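Participant:
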Amino acid sequence: MPPRLKKKKASLKAPVRPSVNEDIGSQPKPDPIVDDTDRKTDPDPGDAVDSVETDYEEYIIFGEELKEFGWLKPQRLAFFQEQDVKSDFIQQISKRQWGTAADNVLATLEETVLRAITTFDGNLNHLVATDPAVALALEQYEKSGLKDQPYIYVCALTHDESKEFAPFTVNEAREIAYHAQLYPDAQELAYDIDRAHISDWQQNWTREGARYFLHTEKTETGNYGPVSINRCKILRRFAYALFKIAALAENAGKSTVPVMHYIGYATKPQIRKQRYEAGDKCGNWLTQCVLAITKALKISTHMSTHPLFLVNADVSGPVAEMLLSRMTRAYYFAGGLNTGQASGSMAHIRAGIITDKQRDQWWARSVKHQDTPKYTRRLEQETRRGALLKKTKDARGILPGTELYEKATKSKLQQQQFEEIKRNYQKATDALADPLEMQLARESSPEFAKKMDSVGKFIAKKEA
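Read in order, the letters of the sequence shown are residues 1 to 464 in the UniProt record's numbering.
(1) Since A266 is in the beta strand (DSSP E), which residue starts that stretch and which ends it?
(2) For my contact list, L297 and E188 are in at a C-beta cut-off of 8 Å; report their separation, rounded to the angstrom.
(3) Pairs of beta-carbons, one from the segment 118-131 and one from the segment 229-243, closer than 8 Å: are there three or more?
(4) Decide if S199 is buried, meaning its Cβ has at least 16 other Cβ atoms within 10 Å, or exposed.
(5) Within 8 Å, do at least three Cβ pairs link the segment 302-309 to the segment 153-164?
(6) Is S304 helix, strand or coil by DSSP?
(7) Around the C-beta of N204, are 16 or more other C-beta atoms found within 10 angstroms, so that it is buried, or is it exposed?
(8) Excluding the five sequence neighbours on either side, which residues of its own chain have a C-beta within less than 8 Å of the C-beta of D453, listed in chain order?
(9) In whole angstroms, what separates the C-alpha of S316 from that of I60?
(10) Give me the Cβ distance between V290 and L337, rounded to the nearest whole Å; I'm assuming they're in contact under 8 Å.
(11) Can you check whether the CB of A180 is closer than 9 Å to the CB of L138?
(12) At 4 residues or longer, and completely inside the segment 142-203: list those alpha helix (DSSP H) runs for me, N to C.
(13) Alpha carbon to alpha carbon, how far is A101 from A186?
(14) Where H215 and P226 are concerned, what is the direct C-alpha to C-alpha distance, given to the nearest angstrom?
(15) Contact check, I93 vs Q83 under 8 Å by CB: the rounded distance?
(16) May I have the straight-line CA-CA distance separating K451 from Q361, to the nearest angstrom?
(17) Which residue comes first and which comes last in the alpha helix (DSSP H) that contains T294?
(18) Would you mind working out which of K67, R211 and D121 sits nearest P30, comparing C-alpha positions?
(19) Just to check my reading of the structure: A246 and V170 have Cβ atoms closer than 8 Å, yes? What is that Cβ distance to the nearest angstrom?
(20) Can you tell me whether DSSP reads F69 as helix, strand or coil?
(21) When burial is assigned at 16 or more other CB atoms within 10 Å of the CB, is N271 buried or exposed?
(22) Near G222, which residues of its chain fall below 8 Å by C-beta distance, leaving aside the five closest residues on each side in sequence?
(23) For I299, report the span of its alpha helix (DSSP H) as first-last.
(24) From the DSSP output, which residues share a beta bridge with F309?
What follows is the structure, encoded as structure tokens:
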């Protein structure tokens with residue numbers, strides 16, 4: 001009789017199933033994103049917390065009024081707000097130096113380009129795609145600085161060509177904000193976002209607490225250091241601002257939100273342009289994170305890079321960065337993609353790598369570009385407008401138009417805005433009580449009296 005075989009005891013353990021990424025389990029974690037790796041120093045950008053309460057609706061109003069009222073008010077507002085932030089640069093220059101540099105920056109920009117990046121419905125991507133003259137002007141301007149001269153540039157994030165470069169809808173903005181808000185804590189959502197950016201991102205990394213966009217360093221063993229608390233705060237403030245912008249747009253009867261912008265300083269323009277147009281190879285972590293979120297949500301996107309201003313002096317770079325970041329609402333606490341104030345340009349200046357010969361070349365190149373009737377005319381026009389505003393106690397600068405408010409609801413916020421309109425209207429009326437002052441205002445802007453009448457009728461109708 002053959003021997004009986006012993007039965008194997010059934011294992012009580014469940015079969016071990018391979019993880020989603022077990023086949024690449026030995027792969028090292030990708031290096032974290034370090035913003036602007038070409039910096040040599042990292043200056044103090046100031047206290048961003050002080051800027052969280054900044055009312056960026058003011059810049060929307062000033063953007064709408066640029067053609068009529070000029071840029072004195074927004075450039076002054078930006079100066080005082082930077083003083084509140086107390087960045088190390090702003091404490092080293094006077095209001096006069098700021099004003100001179102700001103005039104130089106803004107007079108250099110094409111008027112249509114400036115409106116495209118500062119107004120609520122402005123869209124630089126669509127403008128460049130549909131206006132050959134603007135596209136050619138920006139291309140020629142870019143060629144002037146591609147070799148060795150730094151410039152300030154703007155990145156604009158919209159839908160792609162299949163949707164005619166349209167801005168994101170209100171609902172899409174809310175989805176982006178929702179994902180940004182939950183990214184630090186929601187595992188499944190975080191994995192989808194990181195996997196959208198890095199195709200071989202491993203799920204077990206996410207389970208261990210890794211968040212690709214929130215780490216700033218690696219340990220000696222190849223693991224990530226702790227999640228950056230500062231980046232978590234920035235991401236949540238960005239989400240909060242985007243939720244607010246979506247609500248404001250919806251209350252105003254609009255179906256889309258303003259275009260998201262990033263204002264940057266390129267020390268090596270050609271390399272930086274390639275990095276940003278590559279999307280996931282750009283040097284700003286928040287921009288990359290938002291792009292990954294849109295990819296995870298299957299939202300079509302297009303990010304363009306356009307030069308705005310050739311840097312021709314030490315002061316002009318930081319002023320251009322600070323001013324344009326505020327006027328275009330590009331900071332993260334306004335729903336934009338910037339995470340610092342002029343740190344790139346300040347780092348370049350302090351690195352001590354700019355020679356006197358380079359400065360002379362940059363200045364000569366910029367002067368040649370600005371030596372045009374158009375530049376001279378715009379600068380003279382703004383100088384006259386600025387003188388009038390100062391003479392009339394900023395009457396026109398504090399008087400908002402009515403279009404933004406005619407769609408106002410009966411909410412408490414809108415009532416507060418209406419009361420502010422009344423106060424501003426009264427200030428403007430008092431400032432122009434002198435017939436001579438009114439005559440100066442009419443000569444400077446024929447539309448000014450018409451605007452006063454329009455606001456007066458709006459107030460009377462509202463109070464009737």
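No residue lacks a Cβ here, since even glycine has one placed at the ideal position from N, Cα and C.
Since we're looking at a predicted model, the values are computed, not measured.
Facilitator: A quick look at the data gives this:
(1) A266 -> beta strand (DSSP E) spans M260 to A266.
(2) Incorrect: roughly 14 Å between the Cβ atoms, too far for contact.
(3) Cβ pair count under 8 Å is below three, so no.
(4) S199 is exposed by the Cβ-count criterion.
(5) Yes: the two stretches touch, three or more of their Cβ pairs being nearer than 8 Å.
(6) Per DSSP, reduced to three states, the secondary structure at S304 is strand.
(7) Exposed, because fewer than 16 other Cβ atoms sit within 10 Å of the Cβ of N204.
(8) So no residue of the chain qualifies.
(9) About 24 Å.
(10) Rounded, the Cβ-Cβ distance is 6 Å, consistent with contact.
(11) For L138 and A180, no; Cβs fall outside 9 Å.
(12) Segments of the alpha helix (DSSP H) lying fully in the segment 142-203: 170-182 and 187-197.
(13) Approximately 45 Å, taken between the alpha carbons.
(14) Whole-angstrom Cα-Cα distance: 7 Å.
(15) Incorrect: roughly 10 Å between the Cβ atoms, too far for contact.
(16) Between K451 and Q361, the C-alpha separation is close to 45 Å.
(17) Start and end: W285 to A296.
(18) Minimum Cα distance to P30 is reached at R211.
(19) Right, their Cβ atoms sit about 5 Å apart.
(20) The three-state reading of DSSP puts F69 in helix, counting H, G and I together.
(21) Note on residue identity: the sequence assigns Ile, not Asn, to residue 271. With fewer than 16 other Cβ atoms within 10 Å, it is exposed.
(22) If we look at G222 and ignore the five residues flanking it on each side, its Cβ neighbours are P28 and K29.
(23) Annotation for I299: no alpha helix (DSSP H) segment contains it, and DSSP assigns it neither H nor E.
(24) According to DSSP, which records beta bridges pairwise, F309 is partnered with I152.
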